[in-house]
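Engineer: Numbering (the working numbering), first residue to last: 142 to 551.
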């Protein structure tokens, strides 16, 4: 939104009315707002150029005003105000501190991804409004996997993709860019190292890539040519099932279609509609824990979602892929974490999940909550919740992993 000369004045401090109009335009509701007829309790907007926008925002619970009777349209818009506006637009509520308190939108804003390290929350300028707005397009609406971009009908239609090219100047940028590419399930991904990584050893880059791809890939191949690392992902069966479901794959083999059908039947049987997100996540956690035996006897399928959901047995890879697939089908944001875990002084490779509940991220380790394990020397049939919706600080007592900046923090 520029001035009469077409200048965007990104280094200027935004006014409250300007910030609100930017938000409404971001939501694609400009025409609707311009023609909106309604009323507000605000006595200071009657002749203001943005009065229709403000009235529209008030009617749609995007703003409650500066006070009960004023909006203060020419007042300064700070980070707290704009982040609150955007969180409300994504479906979150600060009423009675339901999802976040108005005094602190920052925690939820970081968790949802709309507040990045490039935003200056203390010296909040129009440029920062643009950064928050851009990040909001990739943020999911509350309780769904649908992004704002998808809601607006501007997202790319799913189709089979041969190649996606990305850059990476370090581990954090690699995690962010690689996972953004893997969400589209391409056949190949070209990674060009830049900046501090321009001379990185390509075996090291491959190792980082495999670790970053834990949510989607069970393994991967690679080749190196002209300062570019090309990886060929070997997607997990859970990933291929979701790709087929979403339209990123045109066909799937019998095992994948069987897995997808079984997973969809499980979601239907759990009757998640109307449940709070925490209750839905618990239902998925409990189903896997109650219906899976931890063992290696089913060979390679022990490491797959098929082994867990169809055959009823598996190891941590299978548990975590199955949990990710069921959460994804239920519209709940979830990732896999690959690291190590320590029990009785012995550390071994391990995988678990992070899941987003009401905008905040938590760790879930269904494998270690499975009742088939011995607990304090006694075999128990009771599902445990010691590793259900816990913070990074708590799980770090016996789980170890590399926390990339772009990886959800719990």
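Ideal placement from N, C-alpha and C gives every residue a C-beta, glycine not left out.
For residue 525 and chain D, any beta-carbon pair shorter than 7 Å?
Structural biologist: Included in the structure is just one protein chain, with no chain D present.
Engineer: To which residues does DSSP link residue 331 through a beta bridge?
Structural biologist: Bridge partners of residue 331: 306, 371.
Engineer: Is the segment 369–379 in contact with the segment 350–359, if contact means three or more CB pairs nearer than 8 Å?
Structural biologist: With a cut-off of 8 Å, the segment 350–359 and the segment 369–379 count as touching, because enough Cβ pairs lie within range.
Engineer: Tell me the residue span of the alpha helix (DSSP H) that contains residue 385.
Structural biologist: 378–387
Engineer: On a Cα-Cα basis, can you pick out the residue from 184, 376, 501 that is closest to residue 208?
Structural biologist: 184
Engineer: Could you give the first and the last residue of the continuous beta strand (DSSP E) run that contains residue 501?
Structural biologist: 501–505
Engineer: Assuming contact is defined by CB atoms lying nearer than 7 Å, are residue 542 and residue 478 in contact in what I supplied?
Structural biologist: yes
Engineer: Which same chain residues end up closer than 8 Å to residue 548 when comparing Cβ atoms and leaving out the 5 residues on each side of it in sequence?
Structural biologist: 316, 476, 478, 495
Engineer: Between 266, 166, 279, 186, which lies nearest to residue 474 when the distance is taken from Cα to Cα?
Structural biologist: 279
Engineer: Report the three-state DSSP secondary structure of residue 222 (helix, strand or coil).
Structural biologist: Looking at residue 222 - three-state DSSP - the assignment turns out to be helix.
Engineer: At a cut of 8 Å, does the segment 431–450 reach the segment 460–469 through at least three beta carbon pairs?
Structural biologist: yes
Engineer: Considering only their Cβ atoms, is the gap separating residue 249 from residue 259 smaller than 7 Å?
Structural biologist: no
Engineer: Just the C-alpha distance for residue 420 and residue 507, rounded to the nearest angstrom, thanks.
Structural biologist: 15 Å
Engineer: Could you compute how far the alpha carbon of residue 493 sits from the alpha carbon of residue 389?
Structural biologist: 25 Å
Engineer: With a cut-off of 8 Å on the beta carbons, I'd call residue 161 and residue 204 a contact; round off their distance for me.
Structural biologist: 6 Å
Engineer: Please report how far the alpha carbon of residue 405 lies from the alpha carbon of residue 385, in whole angstroms.
Structural biologist: 13 Å
Engineer: Threshold first: 4 residues or longer. Then list the alpha helix (DSSP H) segments lying entirely within the segment 408–446, N to C.
Structural biologist: Runs found: 418–432.
Engineer: Among 426, 498, 217, which residue has its Cα nearest to the Cα of residue 550?
Structural biologist: 498
Engineer: Starting from residue 459, trace the beta strand (DSSP E) both ways and give me its first and last residue.
Structural biologist: Residue 459 -> not in any beta strand (DSSP E); alpha helix (DSSP H) instead, spanning 457–470.
Engineer: Taking the alpha-carbon of residue 398 as reference, which of 500, 408, 382 has the nearest alpha-carbon?
Structural biologist: 382
Engineer: Between the Cα of residue 178 and the Cα atoms of 193, 357, 538, which residue gives the shortest distance?
Structural biologist: Among 193, 357, 538, the Cα nearest to that of residue 178 belongs to 193.
Engineer: Look at the Cβ atom of residue 293, then the Cβ atom of residue 169, and state whether they are nearer than 7 Å.
Structural biologist: yes
Engineer: Do you know whose CA, among 504, 536, 537, 524, lies nearest residue 530's CA?
Structural biologist: Nearest of 504, 536, 537, 524 to residue 530, Cα basis: 504.
Engineer: When the distance is taken between beta carbons, is residue 246 closer than 7 Å to residue 228?
Structural biologist: yes
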